[in-house]
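Trainee:
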Amino acid sequence: MKSHRPAPTRFSRFAAVAVCLAVALCTVLCVAAGYRIGFRVGHGGAGRGPQPDRMVFQVKGASMTPTLVEGDLCLVQPPASALAIGDVVAIDWAGKARIKRIAALAGDRLEVREGHLLVNQQRLEDLLAARDDSAFPLRPALVPVASGPTDWRRPHPTSPWLVFCYANPHSGGHPTAVMDDYPSNTDVHRRLRPVDRLVLEVTPEADGRWPSASDEGRVAFFQSGNLAVAPIPISIGSRRISQRAARESTRNDGSDLEAGALSISRPIALRVSPQVASELQLRVWREIEYRADTASSTVAYPLTVPEGKMFVVGDNVPVSVDSRQWGNIPTNAVTGQAVCTIDPRE
1458 MKSHRPAPTR
1468 FSRFAAVAVC
1478 LAVALCTVLC
1488 VAAGYRIGFR
1498 VGHGGAGRGP
1508 QPDRMVFQVK
1518 GASMTPTLVE
1528 GDLCLVQPPA
1538 SALAIGDVVA
1548 IDWAGKARIK
1558 RIAALAGDRL
1568 EVREGHLLVN
1578 QQRLEDLLAA
1588 RDDSAFPLRP
1598 ALVPVASGPT
1608 DWRRPHPTSP
1618 WLVFCYANPH
1628 SGGHPTAVMD
1638 DYPSNTDVHR
1648 RLRPVDRLVL
1658 EVTPEADGRW
1668 PSASDEGRVA
1678 FFQSGNLAVA
1688 PIPISIGSRR
1698 ISQRAAREST
1708 RNDGSDLEAG
1718 ALSISRPIAL
1728 RVSPQVASEL
1738 QLRVWREIEY
1748 RADTASSTVA
1758 YPLTVPEGKM
1768 FVVGDNVPVS
1778 VDSRQWGNIP
1788 TNAVTGQAVC
1798 TIDPRE
């Protein structure tokens, strides 16, 4: 006796189509999930499972300003060699994916002196400045200091020196020491502290002339009541002269700089003729100075980083939440090293 299969109804055909669509949707979701694991963009927490060789991290917040600002895309990948002090790393910590700079590794000793964070008895910013550029991606950016052409003056009309006179924008333009403000921190109210890691950028105009070899330009910095003087090498492009380099310079000839011309509020002088000066662009910067004397800092110093741990900080020192609050974090919290920023247009 032959059995007769009932003819398909409109409902059964609809059910079959629905099943096919459901299978297709599941396939798409699985592919999308796999793609997300292999290429992560964002600041939300990521799992601690296997990490991809490379991922893109989008910066959220201001904790790494000015080196990395909100919205920047960073290429994060496994470190090519052992991590070092100064490397920028992506971490999964305290429920979030974050990006920070390594300040100390296992065996390093941290202490605080006059508010500055010291690693193995050296200020952290000095350790970072000593690193080789070729092996140091994402070096700390400089912070601009409020300055303009009218802030540069000669002690008297015939003086060969041009002096930077700092007018503090946070004190109604009154002369003070250059402070550790961050121009981007417009909503942050805190006590500002003087800095001593200044940088002068000297850029000739298109047809500008550098001082001749017989009248080589020099830069003098005021440093704890003393002068530190550095020559300006003749160059076609812009030149940055740091207060640190001046201190380390073997040449210290500021004998023709008038006594009292420099002070904490007049921290830089450039020896250059009026003719040459008129063809130069002068800009003042400061290095990031890493401190651990903020009100939110809860770590007891001195401390030595134990095995399997690291100490991380943010470049926006006043606002970053980092190891100064958390203490040491495990090295396995690192998901990769940030090696460069990416232009989203490329």
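Every number in the working numbering is 1457 more than the matching position in the sequence shown, counting from 1.
Cβ coordinates follow ideal geometry from the N, Cα and C atoms, glycine included.
If you reduce the DSSP assignment to three classes, tell me which class asparagine 1642 lands in.
Mentor: Along the sequence shown, read from residue 1 onward, the residue named residue 1642 stands at position 185. Three-state DSSP puts asparagine 1642 in coil, outside helix and strand.
Trainee: Among all the DSSP beta bridges, which residues are the ones paired with asparagine 1625?
Mentor: Counted from its first residue, the sequence shown places residue 1625 at position 168. For asparagine 1625, which the question treats as bridged, DSSP gives the partners His1631.
Trainee: Considering only C-alpha positions, which residue in the set Arg1555, Pro1594, Leu1739 is nearest to proline 1606?
Mentor: Taking the first residue of the sequence shown as position 1, residue 1606 is located at position 149. With distances taken between Cα atoms, proline 1606 lies closest to Leu1739.
Trainee: In this structure, how does DSSP classify leucine 1486 when only helix, strand and coil are distinguished?
Mentor: The residue labelled residue 1486 in the question sits at position 29 within the sequence shown. Residue placement at leucine 1486 cannot be trusted, given a pLDDT of 40 that sits under 50; what the coordinates show is reported in the next sentence. Three-state DSSP puts leucine 1486 in a helix.
Trainee: So, under 8 Å CB-CB, valine 1635 and proline 1651 are touching, yes? Tell me the CB distance rounded to an integer number of Å.
Mentor: Mapped onto the sequence shown, residue 1635 falls at position 178. Mapped onto the sequence shown, residue 1651 falls at position 194. With a Cβ gap of about 7 Å, valine 1635 and proline 1651 count as contacting.
Trainee: Identify whether glutamate 1571 lies in helix, strand or coil by the three-state DSSP scheme.
Mentor: Here residue 1571 refers to the residue found at position 114 of the sequence shown. Coil, per DSSP.
Trainee: Name the two residues that bound the continuous beta strand (DSSP E) containing leucine 1581.
Mentor: The residue you call residue 1581 lines up with position 124 of the sequence shown. Careful: leucine 1581 lies outside any beta strand (DSSP E), inside the alpha helix (DSSP H) at 1581-1586.
Trainee: What are the partner residues of leucine 1657, as DSSP defines its beta bridges?
Mentor: Your numbering for residue 1657 matches position 200 in the sequence shown. In the DSSP output, where bridge partners are listed per residue, leucine 1657 has Ile1698, Val1741.
Trainee: Would you kindly work out how many angstroms separate the C-alpha atoms of arginine 1588 and leucine 1581, rounded to a whole number?
Mentor: If you number the sequence shown from 1, residue 1588 lands on position 131. If you number the sequence shown from 1, residue 1581 lands on position 124. Computed Cα separation, rounded: 11 Å.
Trainee: In chain order, what residues of the same chain lie with their CB nearer than 6 Å to the CB of valine 1791, ignoring the 5 residues before and after it?
Mentor: Locating residue 1791 in the sequence shown gives position 334, counting from the first residue. These residues qualify, in order along the chain: Val1546, Ile1548.
Trainee: Let's see if you can read the secondary structure: which residues bound the beta strand (DSSP E) around valine 1729?
Mentor: Taking the first residue of the sequence shown as 1, we reach residue 1729 at position 272. Here valine 1729 belongs to no beta strand (DSSP E), and DSSP marks it neither H nor E.
Trainee: When you compare the CB positions of valine 1656 and isoleucine 1721, do they come within less than 8 Å of one another, or not?
Mentor: Counting from 1 along the sequence shown, the entry for residue 1656 is found at position 199. Counting from 1 along the sequence shown, the entry for residue 1721 is found at position 264. No.
Trainee: Have a look at glycine 1502 and valine 1569 and give me their C-alpha separation to the nearest angstrom.
Mentor: Residue numbering aside, residue 1502 sits at position 45 when the sequence shown is read from its first letter. Residue numbering aside, residue 1569 sits at position 112 when the sequence shown is read from its first letter. Interpretation of glycine 1502 is limited by its pLDDT of 34, a score under 50 that renders its predicted location unreliable; the figure taken from the coordinates is listed afterwards. The straight-line gap from Cα to Cα measures roughly 32 Å.
Trainee: Classify cysteine 1531: buried if its beta carbon has 16 or more other beta carbons within 10 angstroms, exposed otherwise.
Mentor: Residue numbering aside, residue 1531 sits at position 74 when the sequence shown is read from its first letter. It counts as buried.
Trainee: Three or more C-beta pairs under 8 Å: does that hold for the stretch 1740-1751 against the stretch 1764-1777?
Mentor: A contact exists between the stretch 1740-1751 and the stretch 1764-1777.
Trainee: So, threonine 1755 versus glutamine 1794, is the Cβ gap smaller than 8 Å?
Mentor: Mapped onto the sequence shown, residue 1755 falls at position 298. Mapped onto the sequence shown, residue 1794 falls at position 337. Result no, Cβ atoms of threonine 1755 and glutamine 1794 do not sit closer than 8 Å.
Trainee: Around the C-beta of alanine 1554, are 16 or more other C-beta atoms found within 10 angstroms, so that it is buried, or is it exposed?
Mentor: Residue mapping note: residue 1554 aligns to position 97 of the sequence shown, counting from 1. Alanine 1554 is buried by the Cβ-count criterion.
Trainee: Can the beta-carbon of alanine 1817 be found less than 8 Å from the beta-carbon of leucine 1719?
Mentor: Examination of residue 1817 is not possible in this model, given that the chain is present from 1458 through 1803 alone.
Trainee: Got a sec? Which residues, its chain only, sit under 7 Å from arginine 1601 by beta carbon, not counting five neighbours each side?
Mentor: Counting from one through the sequence shown, the residue named residue 1601 turns up at place 144. Here residue 1601 is proline; the residue named in the question, arginine, does not match the sequence. So the qualifying residues of the chain are Pro1640, Trp1742.
Trainee: Please state whether DSSP places serine 1616 in a helix, a strand or coil.
Mentor: Working through the sequence shown from its first residue, we reach residue 1616 at position 159. In the structure shown, serine 1616 sits in coil (DSSP, three-state: anything other than H, G, I, E or B).
Trainee: Leaving out five residues before and five after isoleucine 1799 in sequence, what residues of the same chain have Cβ atoms less than 6 Å from its Cβ?
Mentor: Taking the sequence shown and counting its residues from 1, one reaches residue 1799 at position 342. Counting only Cβ-Cβ distances below 6 Å, and skipping sequence neighbours, we find Leu1530, Leu1532.
Trainee: Beta-carbon separation of leucine 1562 and proline 1759 under 8 Å?
Mentor: As a position in the sequence shown, residue 1562 is number 105, starting the count at 1. As a position in the sequence shown, residue 1759 is number 302, starting the count at 1. Taking 8 Å as the Cβ cut-off, leucine 1562 and proline 1759 do not qualify as a contacting pair.
Trainee: Nearest by alpha-carbon distance to glycine 1765: which of Thr1788, Ser1753, Ala1749 is it?
Mentor: Locating residue 1765 in the sequence shown gives position 308, where the first residue counts as 1. Closest by alpha carbon: Thr1788.
Trainee: Terminal residues of the continuous alpha helix (DSSP H) containing arginine 1781?
Mentor: Along the sequence shown, read from residue 1 onward, the residue named residue 1781 stands at position 324. Per DSSP, arginine 1781 belongs to the alpha helix (DSSP H) from 1780-1783.
Trainee: May I ask you to list the residues that DSSP assigns as paired with serine 1720?
Mentor: Translated into the one-based positions of the sequence shown, residue 1720 becomes position 263. BP columns for serine 1720 point to Arg1723.
Trainee: Cα separation between glutamine 1700 and glutamate 1571?
Mentor: Within the sequence shown, numbered from 1, the residue matching residue 1700 stands at position 243. Within the sequence shown, numbered from 1, the residue matching residue 1571 stands at position 114. In a straight line, the C-alpha of glutamine 1700 is about 19 Å away from that of glutamate 1571.
Trainee: Near glycine 1784, which residues of its chain fall below 6 Å by C-beta distance, leaving aside the five closest residues on each side in sequence?
Mentor: The sequence position of residue 1784 within the sequence shown is 327, counting from 1. Result list for glycine 1784: Val1756, in chain order.
Trainee: Out of Ser1695, Ala1685, Pro1536, point me to the one whose CA is closest to threonine 1660's CA.
Mentor: What you label residue 1660 is simply residue 203 of the sequence shown in a count that begins at 1. Answer by Cα proximity: Ser1695.
Trainee: With distances taken from CA atoms, which of Val1770, Gly1552, Val1762 is nearest asparagine 1577?
Mentor: Within the sequence shown, numbered from 1, the residue matching residue 1577 stands at position 120. That would be Val1762, whose Cα lies nearest to the Cα of asparagine 1577.
Trainee: Can you tell me which of Gly1630, Ala1685, Ser1730, Gly1528 puts its alpha carbon nearest to the alpha carbon of valine 1516?
Mentor: Along the sequence shown, read from residue 1 onward, the residue named residue 1516 stands at position 59. Minimum Cα distance to valine 1516 is reached at Gly1528.
Trainee: Closer than 6 Å by C-beta to alanine 1598: which residues in its own chain qualify, once you throw out the five before and the five after it? Chain order, please.
Mentor: Along the sequence shown, read from residue 1 onward, the residue named residue 1598 stands at position 141. Once the five neighbours on either side are set aside, the close Cβ partners of alanine 1598 are Pro1523, Thr1524.
Trainee: In the structure shown, what three-state DSSP assignment does alanine 1685 receive?
Mentor: For the purposes of this step, residue 1685 is identified with residue 228 of the sequence shown, where counting begins at 1. The answer is strand: DSSP assigns alanine 1685 an E or B state.
Trainee: Is alanine 1795 helix, strand or coil when you go by DSSP?
Mentor: Working through the sequence shown from its first residue, we reach residue 1795 at position 338. Looking at alanine 1795 - three-state DSSP - the assignment turns out to be strand.
Trainee: Could you give the first and the last residue of the continuous beta strand (DSSP E) run that contains lysine 1766?
Mentor: Reading the sequence shown from its first residue, position 309 is the one you call residue 1766. From DSSP, the beta strand (DSSP E) with lysine 1766 extends over 1766-1770.
Trainee: Using the Cα positions of arginine 1654 and glycine 1518, report the straight-line distance between them to the nearest angstrom.
Mentor: Taking the sequence shown and counting its residues from 1, the one referred to as residue 1654 is at position 197. Taking the sequence shown and counting its residues from 1, the one referred to as residue 1518 is at position 61. Their Cα atoms are separated by approximately 26 Å.
Trainee: When DSSP builds the beta bridges, which residues end up paired with arginine 1566?
Mentor: Within the sequence shown, residue 1566 is the residue found at index 109, counting from 1. DSSP lists Thr1761 as partners of arginine 1566.
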